[in-house]
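Below: the structure, in structure tokens.
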Amino acid sequence: MTAQEITQTVLVTGASSGIGQGIATAFGRKKANVVVNYYSDEEGANHTLDMIREAGGHGFVCKADVSKEDDVISMFAQTINEFGSLDVLINNAGIQKDSSFSSMTIEQWNKVISTNLTGHFLCAREAIKHFEATQRSKREGNAAGNIIFISSVHDIIPWAGHANYASSKGGILMLMKSLALEVAPKKIRVNSISPGAIATDINDEVWKDEEKKKELLKLIPYRRIGQPDDIGKVAIWLASAESDYITGTTIYVDGGMTLYPGFLENG
Ligand code: NAD
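Sequential numbering of the sequence shown, starting at 760, is according to our numbering.
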């Protein structure tokens, strides 16, 4: 059996909708075992699981708030209990609580940081504990474990009115790199995918409104809004042995949004 044919077990946080659903379904097409984590939308999570099964994969839905340590520990225990091991963690769960800076409440700040940054830390820590304990590098051509953070172009693009969100994503950048450095000698890989504008619930008030959509497209040199599957396809590759020499890197999947689009015609 080659490295590519090994069935992967993958845990995707926030997989009841949007990008998480797209990634979970893409792994379903690879016949993977997928843990579909959700926060409150059980129906959405079950729909994701249906799509995974239709595509030939396996899985189960698992309710957990990634910002709660006990929930996260329990979710990993259920994963190991069901599938015996974990190969890939996709740290995807994330929220926005937008506000001008002077009006931002401590609740808005804490909620975003605890979900987008602390939640990613807690899940990564449990995954690393498992990877270290099982030392799964025995399998030729495969890493001993793989973590992918779903960050954002706002880990490097400042965003007025979204200081909590941009701070959480900027935090992920150094969390990802520091962790990647620490665990690389153990053959554990850690990377980020930073999406640009992907049509999901998080930004539907923009892409469902023709005027706002037109404005948004000006920020995307490739002139289309991304779809969850654009991220799913990259996640599959980044979790595979095809990308085995990549760790500590961010892949921007953004139709060129990080290329300073304002300079397209005004250089
Ligand atoms: P979405 O709202 O559809 O998905 C977010 C998911 O996170 C939801 O399923 C939600 O239930 C889950 N979630 C929220 N709080 C949680 C918690 N405490 N515990 C567990 N799950 C929780 O939006 P999306 O666009 O699919 O966002 C997914 C990720 O992609 C986020 O991290 C977001 O910041 C990032 N992202 C999205 C875009 C975009 O344009 N859509 C761009 C850049 C980055």
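Every residue, glycine too, gets a C-beta built ideally from N, C-alpha and C.
What are the residues that DSSP puts in a beta bridge with residue i?
{"i": "residue 821", "result": "796"}
{"i": "residue 1061", "result": "Residue 1061 cannot be examined here, being either before or after the span of the chain that is shown, 760 to 1026."}
{"i": "residue 962", "result": "Per DSSP, none; premise fails for residue 962."}
{"i": "residue 957", "result": "985"}
{"i": "residue 769", "result": "793 and 847"}
Quick one: measure Cβ to Cβ for residue i and residue j, integer angstroms, because I've assumed they're closer than 8 Å.
{"i": "residue 769", "j": "residue 849", "result": "6 Å"}
{"i": "residue 959", "j": "residue 776", "result": "7 Å"}
{"i": "residue 784", "j": "residue 811", "result": "6 Å"}
{"i": "residue 832", "j": "residue 885", "result": "6 Å"}
{"i": "residue 1016", "j": "residue 955", "result": "4 Å"}
{"i": "residue 778", "j": "residue 995", "result": "In fact, because the Cβ distance is near 13 Å, the residues do not count as touching under 8 Å."}
{"i": "residue 1009", "j": "residue 951", "result": "4 Å"}
{"i": "residue 1021", "j": "residue 981", "result": "Contact flag wrong, Cβ pair sits at about 15 Å."}
{"i": "residue 793", "j": "residue 881", "result": "Actually they are not in contact, since the Cβ atoms of residue 793 and residue 881 sit about 20 Å apart, beyond 8 Å."}
{"i": "residue 818", "j": "residue 790", "result": "Their Cβ separation, rounded to whole angstroms, is 11 Å, which puts residue 818 and residue 790 out of contact at 8 Å."}
{"i": "residue 807", "j": "residue 767", "result": "So it is not a contact: roughly 17 Å between Cβ atoms."}
{"i": "residue 889", "j": "residue 908", "result": "Contact doesn't hold; Cβ gap of about 17 Å is too wide."}
{"i": "residue 823", "j": "residue 796", "result": "6 Å"}
Please list the terminal residues of the continuous alpha helix (DSSP H) segment that includes residue i.
{"i": "residue 887", "result": "878–893"}
{"i": "residue 836", "result": "828–842"}
{"i": "residue 809", "result": "801–813"}
{"i": "residue 935", "result": "922–942"}
{"i": "residue 866", "result": "865–872"}
{"i": "residue 972", "result": "969–976"}
Tell me where the beta strand (DSSP E) around residue i begins and ends.
{"i": "residue 849", "result": "847–850"}
{"i": "residue 784", "result": "Segment 777–788 is the alpha helix (DSSP H) holding residue 784; no beta strand (DSSP E) there."}
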